[in-house]
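Residue numbers (our numbering): 7 to 208. Using N, Cα and C, we set each Cβ at its ideal position, and we do this for glycine too. One structure is given below, encoded as C-alpha cells.
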C-alpha cells in the first residue's frame, strides 16, 4: 500500500481523463472495491493508474495497492505508459454476448450504469438484445422466480414497442409484483391490457 499523496503523476501522460470518467471510476471502486493496483516506478511515479488515483482522491482514500515496476528502464517505462492504454483499446466486444449479459443483469435489477456504459449505449444494447437460443429461462437459485426473455425486432417495430413501453412505465408501479425491473413491469402491463381486450379471441 502507498499513500495516495506520495504518488507522482507522469507529466507527459498523453491519456486524458474527464471528470465524468473519474466519477465513473470512483463509482466502480465503491461497487467492486479496489481490484486493479496502481503501477509505479521506483520513485513512486505513476506508470498506470492515473485515473484510479484521481478517483481515490475523490473518494477520500488515503492509501492504495501498488505494484512497483522497478525492472523497467526509462525507455521501457515511457513506452509501457502508452502501451497499457493503447493495447486495451485494441480489444473488441462480441456484441451478441454483451447484449445478453447486460439484459440478464438488467433482468435481476442490477444497476447497469456502474459498468461504465452511457445511458444511450445501455438503452441501445438492451433494445437490440438477442438470445443465443430462443428465449432462455434464467436458472433457479439466486434468480428465484424470475425469467429473462429477449426478442429480435425490426427498427420500425422497436420504435412502436419502445413507445408503448414508455407509456406503460409512466403508469406507475405494477400492482404487488416483486419484480423491480421497470421494463419487465411495463411489458407485463401491456400484455395484461391486451389479454383483457383480446383474451377470448382465438
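So, using beta-carbon positions, are residue i and residue j closer together than 8 angstroms?
i	j	result
residue 48	residue 74	yes
residue 52	residue 86	no
residue 34	residue 120	yes
residue 12	residue 50	yes
residue 172	residue 133	no
residue 68	residue 8	no
Is residue i helix, strand or coil by DSSP?
i	result
residue 17	coil
residue 51	strand
residue 45	strand
residue 109	helix
residue 57	helix
How big is the Cα-Cα spacing for residue i and residue j?
i	j	result
residue 131	residue 24	24 angstroms
residue 54	residue 107	28 angstroms
residue 177	residue 36	33 angstroms
residue 186	residue 202	23 angstroms
residue 175	residue 95	37 angstroms
residue 148	residue 40	Reliability of the predicted coordinates at residue 148 is poor, the pLDDT of 49 falling under 50, and no value is obtained from them.
residue 10	residue 93	26 angstroms
residue 78	residue 157	51 angstroms
residue 100	residue 125	19 angstroms
residue 204	residue 116	34 angstroms
residue 83	residue 102	37 angstroms
Would residue i count as contacting chain D if we go by Cβ distances under 8 angstroms?
i	result
residue 127	Within the model displayed, chain D is absent; a lone protein chain is all it includes.
So, at 8 angstroms on beta carbons, what are the nonlocal neighbours of residue i in its own chain, with the 5 sequence-adjacent residues on each side left out?
i	result
residue 56	15, 16, 19, 21, 23
residue 60	23, 28, 31
residue 179	191
residue 122	30, 34
residue 209	Because residue 209 is not part of the residues shown, which for the chain are 7 to 208, the question remains open.
residue 188	175
residue 129	none
residue 194	180, 183, 185
Please name the residue or residues paired with residue i in a DSSP beta bridge.
i	result
residue 9	69
residue 74	46
Please list, in chain order, all residues of the same chain as residue i whose beta carbon is under 7 angstroms from its beta carbon, the five residues on each side excluded.
i	result
residue 111	118
residue 170	196
Excluding five sequence neighbours on each side, which residues of the same chain lie with their C-beta closer than 6 angstroms to the C-beta of residue i?
i	result
residue 65	32
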